[in-house]
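First up is the structure itself, then whatever we jot down about it.
Shown next as C-alpha cells:
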C-alpha cells in the first residue's frame, strides 16, 4: 500500500530486505506429534505406527493381534479411500476409526490427532496407527508413536531396505510376512536382515506368516514388552490384566 | 507425494511469520529454504508443489529459493520481503486525483 495516499497502486520499492526465520518445516507436525504422544502417555496408552507397502499384511496382522491380545486395542486406519480396513478391524473385535486421505499419501500428526478425538482410546490400551500403504512418504511424519513397525512381505524382494532407506532407518521392528510363500519366491532372508540392520543397527526382524500363524508368538512377545514398558495393561472392559 | 503436504506447511509457516508486527502488510518476494540431501524430500517436487499451493494467494509469484545441503535439514531459512519506505509516493498519482 502506498504510504502517501493509501491507494493500492504500485509503489516505488526501496529494494528488498532479508528476514531470518530459521524454522523447521516439520516443526508444526512434530510439535503436535509430541503433544499426542504426551497425552497418550498420561493415559498409559502405547502407540505403534504400522507401515509397509500396500498389501504386505498390515490389516491382516492387526486382525490376528486384536483377537490374540488381552489388552484392549484401538486402531486408526489410513487409506486414500474406503472404510474396508476399519470395517475389518471392527469385525475382529476392536474399535477403529478410518481416515481417508483422498489424494494424500501418508498420515500426519494432525490427522491422527483428529482421529484420536473420535476414537477416544481407553486408558492402558494399545493404539495402532495403520498408515497408508507406502514405503516412502510416511517415514517423514511423526504421528505421536512410541514405536515404528515396518512390515515387508517375502514377495517384495530382499533388497527392500536399502532401496527405501528412510523407512527402514526409522524402524524399531521389521516384520517379514508371508513366510508360507518362501518355497515359491527367491528371497535371501539373511540378506534382508543384514540390510535392515545396516540402516537400523540391532533392529529386531521377525519372520512370520499371518496366514498360517507361524512366528506370531514372537510378535506378541515384542508387543507385550512394549506394553509393559509403558504400563498399558487394561482389557477391553477396562479391567487391569494381572501381570 | 508428501512434498505437496510440506508445501502447505510452508505456506502456513510463512503466514505465521508475516503475522508478526514487524512484517504485517509486507510483500514476500522470495522464500529461502534449506533442503538436506538426506531429508527425504525432492526439491523439484517441492518447487512444483509450491507453485500449486500458492495460486490465488498473497504468496503467488513469490520465488522459492532452495539451497541443497548435506544432512537431513529441512528448514525455512529466511524471507525476502519488499522494503517499503512509508514516504515513497505511489507510481500512479493520477489514481488519487481521479477520486
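Residue numbers (the numbering used here), protein chains in the order written: chain A, 71 to 313; chain B, 919 to 1017.
All C-beta atoms in this analysis are idealised placements derived from N, C-alpha and C, irrespective of residue type, glycine included.
Here the structure is a predicted model, which means the values were calculated and not measured.
Proximity winner among the options, relative to residue i (alpha-carbon distances)
i                     : options                    : result
residue 189 (chain A) : A:209, A:171, A:160        : A:160
residue 921 (chain B) : B:976, B:939, B:970        : B:970
residue 237 (chain A) : A:228, A:208, A:217        : A:208
residue 919 (chain B) : A:128, A:171, A:106        : A:171
residue 193 (chain A) : A:272, A:303, A:255        : A:303
residue 998 (chain B) : B:945, B:930, B:933, B:937 : B:945
residue 85 (chain A)  : B:947, B:961, B:939        : B:947
residue 225 (chain A) : A:239, A:184, A:216, A:255 : A:255
residue 130 (chain A) : A:295, A:281, A:139        : A:281
residue 988 (chain B) : B:927, B:937, B:930, B:956 : B:956
residue 218 (chain A) : A:162, A:116, A:253        : A:116
residue 107 (chain A) : A:173, A:186, A:150        : A:186
residue 228 (chain A) : A:157, A:252, A:312        : A:252
Burial state of residue i, where buried means 16 or more other Cβ atoms lie within 10 Å
i                      : result
residue 165 (chain A)  : buried
residue 234 (chain A)  : buried
residue 230 (chain A)  : buried
residue 119 (chain A)  : buried
residue 310 (chain A)  : exposed
residue 942 (chain B)  : exposed
residue 308 (chain A)  : exposed
residue 249 (chain A)  : buried
residue 105 (chain A)  : exposed
residue 122 (chain A)  : buried
residue 1016 (chain B) : Note that residue 1016 (chain B) has pLDDT 40, beneath the 50 cutoff, so the model's placement of it is unreliable and the number below is only indicative. So residue 1016 (chain B) counts as exposed.
residue 127 (chain A)  : buried
residue 973 (chain B)  : exposed
residue 967 (chain B)  : buried
residue 937 (chain B)  : exposed
residue 277 (chain A)  : buried
residue 993 (chain B)  : buried
residue 152 (chain A)  : exposed
residue 975 (chain B)  : exposed
residue 260 (chain A)  : exposed
For residue i, the three-state DSSP class (helix, strand or coil)
i                      : result
residue 961 (chain B)  : helix
residue 265 (chain A)  : helix
residue 1001 (chain B) : coil
residue 255 (chain A)  : coil
residue 938 (chain B)  : coil
residue 305 (chain A)  : strand
residue 218 (chain A)  : strand
residue 87 (chain A)   : strand
residue 1015 (chain B) : Legend: pLDDT at residue 1015 (chain B) = 44, less than 50; position of this residue unreliable, no value from coordinates given.
residue 140 (chain A)  : coil
residue 94 (chain A)   : strand
residue 225 (chain A)  : helix
residue 205 (chain A)  : coil
residue 243 (chain A)  : strand
residue 310 (chain A)  : strand
residue 237 (chain A)  : helix
residue 921 (chain B)  : helix
residue 278 (chain A)  : coil
residue 129 (chain A)  : helix
residue 976 (chain B)  : coil
Which residues DSSP lists as bridging residue i, in chain order
i                      : result
residue 134 (chain A)  : DSSP, once it has assigned bridges, lists no residue as partnering residue 134 (chain A).
residue 174 (chain A)  : Partner(s): none; residue 174 (chain A) has no beta bridge.
residue 1045 (chain B) : Nothing can be reported for residue 1045 (chain B): it is not among the residues displayed for chain B, which extend from 919 to 1017.
residue 145 (chain A)  : A:166, A:198
residue 283 (chain A)  : In the DSSP output, where bridge partners are listed per residue, residue 283 (chain A) has none listed.
residue 273 (chain A)  : DSSP output for residue 273 (chain A) lists no bridge partner at all.
residue 947 (chain B)  : DSSP, once it has assigned bridges, lists no residue as partnering residue 947 (chain B).
residue 981 (chain B)  : B:948
residue 120 (chain A)  : A:200, A:219
Min CB distance residue i to chain C below 8 Å
i                     : result
residue 960 (chain B) : This model lacks chain C altogether, as its protein chains are A and B.
Tell me whether the region 200-208 of chain A and the region 85-96 of chain A touch, counting them as touching only if at least three CB pairs, one residue from each stretch, are closer than 8 Å.
no
Report yes or no: do three or more beta-carbon pairs, one from the region 143-158 of chain A and one from the region 238-251 of chain A, lie closer than 8 Å?
no
Do the region 101-118 of chain A and the region 175-183 of chain A touch if we need at least three Cβ pairs shorter than 8 Å?
yes
Would the region 278-295 of chain A and the region 132-140 of chain A be scored as touching if the rule is three or more Cβ pairs under 8 Å?
yes
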